[in-house]
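Undergrad: One structure, as structure tokens, below. Some questions next.
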Amino acid sequence: MLKANYIRHYIHEKGIRLTTADVSSGIAEMLKIHRLPLLSSAIMGKILACTAVLATDFKNHEGISLLWKTNTTLGTIRSDMYDGKYIRGYMDGYDEGLSITSTNEKKLISGVGAQLTITRYSLLRQPYSSTIHVTSGTIAQCFEQYKKESDQILCRMQTSVIIRENEIISASAKMMELLPEGDIAFFRHLGEETLNEQKDSLENMGFMVLSESPIIFQCTCNNKRIMNSLMGLPNREKEKLLQQPCAEITCHSCGKIYKISNQVMKEWFM
0 MLKANYIRHY
10 IHEKGIRLTT
20 ADVSSGIAEM
30 LKIHRLPLLS
40 SAIMGKILAC
50 TAVLATDFKN
60 HEGISLLWKT
70 NTTLGTIRSD
80 MYDGKYIRGY
90 MDGYDEGLSI
100 TSTNEKKLIS
110 GVGAQLTITR
120 YSLLRQPYSS
130 TIHVTSGTIA
140 QCFEQYKKES
150 DQILCRMQTS
160 VIIRENEIIS
170 ASAKMMELLP
180 EGDIAFFRHL
190 GEETLNEQKD
200 SLENMGFMVL
210 SESPIIFQCT
220 CNNKRIMNSL
230 MGLPNREKEK
240 LLQQPCAEIT
250 CHSCGKIYKI
260 SNQVMKEWFM
């Protein structure tokens, strides 16, 4: 098993990058806030873990924001990995009580016209986004499609959730990438079974650990972000808010409620 609640970055001298992430405590914290059916919980755990492994530029604190428009009853899924160690996420739909199968997972994440958008943040570059049309496949296969179409990188992804007594107790993901100038024959030789290897075995195969850090669930919401959100509303909406003694704003990610008094709103809007 992977080291619980850690992200680990490996490199191989033949141009292979491997990233592993266990987000077990993160999905547990998220499910305390968002009471999801079991299949939805499993899907959310896999997506949180995949979002984490996409943040490969750990030296520059790369952040990842994911927006997945499923066009199914799951609605829109959002997840974030930032500063190399913090995750958060939520979905605004549900799975109608379907059983946990690969077929149902594929059905729920890729409705007609489904889109996956990834935005990357880094200390070295401006944020940039890329979108793919999700055709079909498991969550891992959809992320492989994203890497191929958006980054022109060949990769293999693997996701895992462990369920005990109808509860998600573990969620993780692994991503192996062929870097530019990497040895494609060696990459193919490694095969998907490489993703099943443990840390010691990987090091014996020539993979070197570059970095590892803990992953925790933490939201980025604060008063300033709430202010900026309200300031961006149309004037008509602001006028409606000013007719109330206070406004209650709930963060979708962490569930925190912000109560903004009428006087404070006047100071913001005037």
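Position 33 of the sequence shown, counted from 1, bears residue number 32 in numbering that gives the first Met the number 0, the numbering being contiguous throughout. Note that beta-carbon positions come from the ideal geometry of N, C-alpha and C, so glycine has one too. Computed from a predicted structure; not experimentally measured.
1) Does the beta-carbon distance from histidine 8 to phenylalanine 57 come in below 8 angstroms?
2) Excluding sequence positions up to five away, which residues of its chain have a Cβ less than 6 angstroms from the Cβ of glycine 62?
3) Between the Cα of glycine 88 and those of Phe268, Pro233 and Ser78, spot the shortest distance and give me the residue it belongs to.
4) Going by alpha carbons, who is nearest to arginine 34 out of Leu53, Thr75, Gly231 and Tyr93?
5) In whole angstroms, what separates the C-alpha of leucine 122 from that of glycine 83?
6) Could you tell me how far apart the beta carbons of tyrosine 85 and serine 212 are, in whole angstroms, since I believe they sit closer than 8 angstroms?
7) Does at least one heavy atom of the ligand FMN sit under 7 angstroms from the Cβ of serine 129?
8) In or out: glutamine 243 buried (at least 16 other Cβ within 10 Å) or exposed?
9) I'd like the ranges of any beta strand (DSSP E) spanning at least 3 consecutive residues and lying wholly in the region 42-100.
10) Would you say glutamine 157 and alanine 139 are within 8 angstroms of each other, going by their C-beta atoms?
11) Quick one: what's lysine 258 bridged to in DSSP?
12) Applying the criterion that 16 or more other CB atoms from any shown protein chain within 10 Å of the CB defines a buried residue, is leucine 65 buried or exposed?
13) If you measure between the beta carbons of serine 171 and alanine 20, is that distance less than 8 angstroms?
14) Alpha carbon to alpha carbon, how far is serine 252 from alanine 184?
15) For glycine 189 versus isoleucine 15, is the C-beta distance shorter than 8 angstroms?
16) Which same chain residues end up closer than 7 angstroms to glycine 96 when comparing Cβ atoms and leaving out the 5 residues on each side of it in sequence?
17) Name the DSSP beta bridge partners of aspartate 21, please?
18) What residues in its chain sit with their C-beta under 7 angstroms from that of asparagine 261, if we drop five residues either side in the sequence?
19) Got a sec? Which residues, its chain only, sit under 8 angstroms from threonine 72 by beta carbon, not counting five neighbours each side?
20) Under three-state DSSP, which class holds isoleucine 225?
21) Rounded to the nearest angstrom, what separates isoleucine 162 and methionine 204 at their Cα positions?
22) My parser needs the alpha helix (DSSP H) runs of 4 or more residues fully inside the region 132-166; what are they?
23) Can you have a look at serine 39 and say buried or exposed, based on whether 16 or more other CB atoms are within 10 angstroms of its CB?
TA: With the given structure in hand:
1) The criterion of a C-beta distance shorter than 8 angstroms is satisfied by histidine 8 and phenylalanine 57.
2) Tyr81 and Tyr120
3) Ser78
4) Tyr93
5) 12 angstroms
6) Actually they do not touch by this definition, with Cβ atoms about 10 angstroms apart.
7) Among the components of this structure there are no ligands whatsoever, and the ligand FMN is therefore not found.
8) exposed
9) When DSSP assignments are scanned along the region 42-100, the uninterrupted stretches of beta strand (DSSP E) that are 3 or more residues long and fall wholly within it turn out to be 62-68, 75-81 and 85-90.
10) yes
11) Residue pairing by DSSP places lysine 258 opposite Glu247 in a beta bridge.
12) buried
13) yes
14) 43 angstroms
15) Note that residue 189 is leucine in the sequence shown here, rather than glycine. Closer than 8 angstroms, so yes.
16) So the qualifying residues of the chain are Pro36.
17) Ser171
18) Leu241, Gln243, Pro244 and Cys245
19) So the qualifying residues of the chain are Gly92, Tyr93, Asp94, Glu95 and Leu107.
20) helix
21) 31 angstroms
22) Complete alpha helix (DSSP H) runs here, min 4: 138-149.
23) buried
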